[in-house]
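Numbering (the working numbering), first residue to last: 1202 to 1762.
And the structure:
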């Protein structure tokens, strides 16, 4: 018996990103990989929909090589139906019952044909370049640079003298194109520690049974990226009855078995909120009914926090709205100098923070007229405001970390446990749980971090999720185009190139061109709007695939969300 495993070269995500974008960040003389990124599809099918592909039956008197090719086709058909009974026909009975096809799904480029290396009459090694992998919990991971996969299949004759697979690795190998057709990128939704907001956790699930898979994954809890920073109202140890969510007349009927039988109305409402937000992403789901131990939950989801998306920018000595240039603030009383780095509160555009003379951090309320000098230092970053009323600032000087100021009370410093470098700029996601930062120092980088908060929303600590290298001399401005899509405006003056890089969670990075001499970026998570200014004060908006000029005399745009 041959012991089998997937063999692949593994490197850190740092080097993955370095190779993917070294053409821009380091030399700016090449192009992105020609194969398309793994992206989401909005299509979903009813839970009882049949596969659009049928698994072929093993042909009589097939050679091991022909059998393996047909087995891969059967696996592809199984991915469309989330049922691998057809593929199991190619395995000896004992192997068929123990094989775990969804343990890990390995992807290869759609324009590449797998290579078969015959290693004897009863053994074949399959080799393909890697385009990443999907874990059993639906988490997609990028491949290492130049990573190749090798899987060994052994064969033996069954009682009828026909070749069958006698040994193989758990998991599947699929062309990227087939995967994109059979799977869709969705989000599970968990709660912030104070249960005031929902936080997306990106997963890939089979399109044909998306509601069932999403519910079971939600019950299993958050991914490693969000562990210890989000919470859930779903009871511990709960399971989905029959592993199935039925969809009847647009209503997803979720039946949960749980060791916990009695829950408060508030907890039931939170549970309903999570499931509704998760399942109504699917076009086939209009509403969700939830029962626990055959008892129907009657509590309603809490009212979603209202977020009014509004944009503003700095125009000379004033702060005005992007639409109609309504003046928000025009009399700075606590400091004198040039205004920069505007930030608006998710609560209201009247609450804001900005820099004066590049060193004084001002927090202001345009409605009440209150203005406070929070902090003053050379090298200070532009501020951020979160939904809990905290103002965040950082300093590019080593060892300073991040300083957070409550609406009332004493500030606190949060150290960065993974580096002694400072941040040039950063942006919090609207839910306040992720932070995208541009790091200074000898090895500048784009860092994605998670924010741990207590049950009142007070920031407690920061931990690194992943890091992308950034060449010295390349200017960068971070933002969030959607709750799951951080973006960075990159400007390389040495090579006269400006690009907007998208770093979608759970998918491959991609880029689009940005306006020449662009020098600042703002984005709205709610409306997916993108605003960019350039050196001469032109304000551009991303309109489909183009950048449209909106106005002049603008600097440092910002959105409320």
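We put the beta carbon where it would ideally sit given N, CA and C, even for glycine.
(request) Let me know the secondary structure DSSP gives residue 1444 once reduced to three states. (result) For the purposes of this step, residue 1444 is identified with residue 243 of the chain shown, where counting begins at 1. Residue 1444: helix per DSSP, three-state reduction.
### Task
Would you tell me roughly how many angstroms separate the C-alpha atoms of residue 1688 and residue 1704, rounded to the nearest one?
Locating residue 1688 in the chain shown gives position 487, where the first residue counts as 1. Locating residue 1704 in the chain shown gives position 503, where the first residue counts as 1. Each residue's Cα considered, the two are about 6 Å apart.
Less than 8 Å between C-beta atoms, sequence neighbours within five positions excluded: which residues of the same chain meet that for residue 1339? The count along the chain shown starts at 1 and reaches residue 1339 at position 138. 1404, 1405, 1406, 1414 and 1418, listed in sequence order.
Beta-carbon contacts of residue 1748 that lie in its chain and below 6 Å, excluding the five residues immediately before and after
Position 547 of the chain shown holds residue 1748. Cβ neighbours of residue 1748 beyond the five flanking positions: 1716 and 1741.
Check: residue 1471 to residue 1420, Cα distance in whole Å?
Finding: For the purposes of this step, residue 1471 is taken as residue 270 along the chain shown, with counting starting at 1. For the purposes of this step, residue 1420 is taken as residue 219 along the chain shown, with counting starting at 1. Each residue's alpha carbon lies about 14 Å from the other.
### Task
With residue 1309 as the anchor, note down where its beta strand (DSSP E) starts and where it stops.
Residue 1309 sits at position 108 when you count from the first residue of the chain shown. Its beta strand (DSSP E) spans residues 1305 to 1309.
Quiz prompt | Sequence-distant residues of the same chain with beta carbon closer than 8 Å to residue 1331, five excluded per side | solution = Taking the chain shown and counting its residues from 1, the one referred to as residue 1331 is at position 130. Closer than 8 Å at Cβ, skipping near neighbours: 1209, 1307, 1308, 1309, 1344, 1345, 1348, 1349 and 1350.
Please identify the residue among 1605, 1641 and 1636 whose C-alpha is closest to the C-alpha of residue 1622.
Counting from 1 along the chain shown, the entry for residue 1622 is found at position 421. For the residues 1605, 1641 and 1636, the minimum Cα distance to residue 1622 belongs to 1641.
Straight-line gap, residue 1664 to residue 1593 (C-alpha atoms, nearest Å) = The residue labelled residue 1664 in the question sits at position 463 within the chain shown. The residue labelled residue 1593 in the question sits at position 392 within the chain shown. Cα to Cα, residue 1664 sits roughly 16 Å from residue 1593.
### Task
In angstroms with no decimal places, state the Cα-to-Cα distance between residue 1733 and residue 1758.
By 1-based counting over the chain shown, the position of residue 1733 is 532. By 1-based counting over the chain shown, the position of residue 1758 is 557. If I take the Cα positions, the gap works out to 7 Å.
Backbone CA spacing between residue 1460 and residue 1293 [nearest angstrom]
Here the question's residue 1460 lines up with position 259 in the chain shown. Here the question's residue 1293 lines up with position 92 in the chain shown. Rounded to the nearest angstrom, the two C-alpha atoms are 39 Å apart.
query: Hey, quick one: how far does the alpha helix (DSSP H) through residue 1454 stretch, first residue to last?
result: The residue given as residue 1454 occupies position 253 in the chain shown. Unbroken run through residue 1454 is the beta strand (DSSP E), 1452 to 1458; no alpha helix (DSSP H).
* **Simplified DSSP state of residue 1271, which is helix, strand or coil** => Here residue 1271 refers to the residue found at position 70 of the chain shown. The DSSP-derived three-state label of residue 1271 is helix.
message = Cutting at 6 Å between CB atoms, please list the residues of its own chain near residue 1745, excluding the five before and the five after it.
response = Residue 1745 sits at position 544 when you count from the first residue of the chain shown. Nothing listed; no residue qualifies.
For residue 1367, which of helix, strand or coil comes out of DSSP? Reading the chain shown from its first residue, position 166 is the one you call residue 1367. DSSP places residue 1367 in strand when its eight states are reduced to three.
Considering only C-alpha positions, which residue in the set 1410, 1360 and 1387 is nearest to residue 1280?
As a first step, residue 1280 is located in the chain shown; it is residue number 79 there, counting from the start. Of the candidates 1410, 1360 and 1387, the one whose C-alpha sits nearest the C-alpha of residue 1280 is 1410.
Per DSSP, residue 1522 is paired with what?
-> For the purposes of this step, residue 1522 is taken as residue 321 along the chain shown, with counting starting at 1. Note: residue 1522 sits in a beta bridge opposite 1513.
Nearest by alpha-carbon distance to residue 1558: which of 1454, 1564 and 1536 is it? Counted from its first residue, the chain shown places residue 1558 at position 357. For the residues 1454, 1564 and 1536, the minimum Cα distance to residue 1558 belongs to 1536.
When you compare the region 1394 to 1403 with the region 1690 to 1701, are there three or more beta-carbon pairs, one atom per stretch, that lie closer than 8 Å?
The region 1394 to 1403 makes no contact with the region 1690 to 1701; the number of CB pairs closer than 8 Å stays below 3.
From the DSSP secondary-structure annotation, give me the bridge partner or partners of residue 1613. In the chain shown, the residue the question calls residue 1613 occupies position 412. In the DSSP output, where bridge partners are listed per residue, residue 1613 has 1605.
**Asked** Which residues in the same chain as residue 1212 place their Cβ atom closer than 7 Å to its Cβ, once the five residues preceding and following it in sequence are excluded?
**Response** For the purposes of this step, residue 1212 is identified with residue 11 of the chain shown, where counting begins at 1. Note that residue 1212 scores a pLDDT of 37, beneath 50, so its modelled location is shaky; the value from the coordinates is reported in the next line. 1345 and 1346.
By Cβ distance, which residues of its chain are closer than 8 Å to residue 1236, with the 5 residues on each side in sequence left out?
As a first step, residue 1236 is located in the chain shown; it is residue number 35 there, counting from the start. For residue 1236, the pLDDT reaches just 36, beneath the cut-off of 50, and the residue's location in the model is therefore unreliable, although a value from the coordinates is still provided. Counting only residues of its own chain and dropping the five nearest sequence neighbours on each side, residue 1236 has a CB closer than 8 Å to the CB of 1310, 1311, 1312, 1332 and 1377.
Practice problem: Report yes if the CB atom of residue 1477 is closer than 8 Å to the CB atom of residue 1434, and no otherwise. | Solution: Numbered from its first residue, the chain shown carries residue 1477 at position 276. Numbered from its first residue, the chain shown carries residue 1434 at position 233. In this structure, residue 1434 does not lie closer than 8 Å to residue 1477 by Cβ.
Check: Excluding sequence positions up to five away, which residues of its chain have a Cβ less than 8 Å from the Cβ of residue 1591?
Finding: In the chain shown, residue 1591 corresponds to position 390, counting from 1. 1605, 1606, 1607, 1608, 1658, 1659 and 1660, listed in sequence order.
- Might you give, ordered along the chain, the residues of its own chain that have their beta carbon closer than 6 Å to the beta carbon of residue 1612, omitting 5 neighbours on each side? By 1-based counting over the chain shown, the position of residue 1612 is 411. Sequence-distant Cβ neighbours of residue 1612 in its own chain, meaning closer than 6 Å and more than five residues away, are 1604 and 1606.
- Item | Same chain only: Cβ atoms within 7 Å of residue 1357, ignoring 5 sequence neighbours per side | Here the question's residue 1357 lines up with position 156 in the chain shown. Same-chain partners within the cutoff: 1293, 1323, 1365 and 1367.
Of the listed residues 1580, 1371 and 1725, nearest to residue 1298 (C-alpha basis): Working through the chain shown from its first residue, we reach residue 1298 at position 97. Among 1580, 1371 and 1725, the Cα nearest to that of residue 1298 belongs to 1371.
Look at residue 1694 and residue 1510 and say whether their C-beta atoms are less than 8 Å apart. Counting from 1 along the chain shown, the entry for residue 1694 is found at position 493. Counting from 1 along the chain shown, the entry for residue 1510 is found at position 309. The Cβ-Cβ distance between residue 1694 and residue 1510 does not fall below 8 Å.
ask   = If you drop the 5 nearest sequence neighbours on each side, which residues of the same chain put their C-beta closer than 7 Å to that of residue 1257?
value = As a first step, residue 1257 must be located in the chain shown, where it is residue number 56. The residues 1271, 1274 and 1275, in chain order, have a CB closer than 7 Å to that of residue 1257 in the same chain once the five nearest residues on each side in sequence are set aside.
Buried or exposed: residue 1739, going by 16 or more other Cβ atoms within 10 Å of its Cβ? Mapped onto the chain shown, residue 1739 falls at position 538. By the 10 Å Cβ count, residue 1739 comes out buried.
- If you compare alpha carbons, which of 1709, 1267 and 1690 is closest to residue 1718? Numbered from its first residue, the chain shown carries residue 1718 at position 517. Ranking the options by Cα distance to residue 1718, first place goes to 1690.
What did DSSP end up calling residue 1353 once you bin it into helix, strand or coil? Within the chain shown, the letter at position 152 stands for residue 1353. Strand at residue 1353.
- Item | Helix, strand or coil at residue 1547 according to DSSP, with G and I counted as helix | What you label residue 1547 is simply residue 346 of the chain shown in a count that begins at 1. If DSSP states are grouped into helix, strand and coil, residue 1547 belongs with coil.
Would residue 1626 pass as a contact of residue 1586 if the rule is Cβ separation under 8 Å?
Taking the first residue of the chain shown as 1, we reach residue 1626 at position 425. Taking the first residue of the chain shown as 1, we reach residue 1586 at position 385. Not closer than 8 Å, so no.
Fill in: Integer Cβ distance of residue 1487 from residue 1454, believed to fall under 8 Å
Counting from one through the chain shown, the residue named residue 1487 turns up at place 286. Counting from one through the chain shown, the residue named residue 1454 turns up at place 253. So it is not a contact: roughly 12 Å between Cβ atoms.
*asked:* Considering only DSSP beta bridges, list what residue 1752 is partnered with.
replied: Your numbering for residue 1752 matches position 551 in the chain shown. Residue pairing by DSSP places residue 1752 opposite 1740 in a beta bridge.
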